[in-house]
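Asks:
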Amino acid sequence: MLTLTNAARAQARTCGTTSFPAAAPLTANAQLGQAAQGHAADMAAKNYFSHTSQDGRTMAQRVSATGYAWRSIGENIAAGQTTPEAVVDGWLKSPGHCRNIMSASFTELGVGYAAGGSYSHYWVQDFGRR
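In UniProt numbering, the protein residues as written are 1 to 130.
This is the structure we're talking about:
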């Protein structure tokens, strides 16, 4: 998914009504990956779909709990799509998700995936900048 996301960032695009120039590639970050994977697994295991965990934790709290000292963070979630390509394609068609992908304020990415729950497939991207 990092490769697909960076391929999208390599081209200028419009997300809703906002135009973005091409952005520098993101680098993988293990702490963001830990937060993303944990949230994907939690959504699949507890059968919900939300940026807020069922225990009330926000994305910022989940990322901070990994020790990632962030200045800027963002999150994309998806459910139901069976391939990373379908997920990224869907995000690029959604203005808010597309803005996260194209934002030059993010420099790092963590990705999570889990199978299960009513949607069968749960995907999370946690973006950050330290």
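Quick reminder that beta carbons are idealized off the backbone N, C-alpha and C, glycines included.
Between residue 201 and residue 121, is the Cβ-Cβ spacing less than 7 angstroms?
Replies: Nothing can be reported for residue 201, as the shown portion of the chain is limited to 1 through 130.
Asks: Across the region 29 to 36 and the region 52 to 65, are there enough close Cβ pairs to call them in contact, namely three or more that are closer than 8 angstroms?
Replies: With a cut-off of 8 angstroms, the region 52 to 65 and the region 29 to 36 count as touching, because enough Cβ pairs lie within range.
Asks: Just confirm the distance between the C-beta atoms of residue 85 and residue 26, as a whole number of angstroms; I'd bet it's less than 8 angstroms.
Replies: Walking along the sequence shown from the start, residue 85 turns up at place 85. Walking along the sequence shown from the start, residue 26 turns up at place 26. No, residue 85 and residue 26 are not in contact; Cβ-Cβ is about 17 angstroms, not under 8 angstroms.
Asks: Answer with buried or exposed for residue 112, where buried requires no fewer than 16 other C-beta atoms within 10 angstroms of its C-beta.
Replies: To locate residue 112, count along the sequence shown from 1; it is residue 112. Buried, because 16 or more other Cβ atoms sit within 10 Å of the Cβ of residue 112.
Asks: Enumerate in chain order the residues of its own chain whose CB-to-CB distance from residue 100 is below 6 angstroms, with the five nearest sequence positions on each side excluded.
Replies: In the sequence shown, the residue the question calls residue 100 occupies position 100. These residues qualify, in order along the chain: 74, 76 and 127.
Asks: So, using beta-carbon positions, are residue 44 and residue 114 closer together than 7 angstroms?
Replies: By one-based count along the sequence shown, residue 44 stands at place 44. By one-based count along the sequence shown, residue 114 stands at place 114. The answer is yes: Cβ separation under 7 angstroms.
Asks: What is the DSSP secondary structure of residue 97, reduced to helix, strand or coil?
Replies: Against the sequence shown, residue 97 aligns to sequence position 97. DSSP places residue 97 in helix when its eight states are reduced to three.
Asks: Buried or exposed, going by whether 16 or more other CB atoms sit within 10 Å of the CB of residue 38?
Replies: For the purposes of this step, residue 38 is taken as residue 38 along the sequence shown, with counting starting at 1. Answer is buried; the Cβ neighbour count reaches 16.
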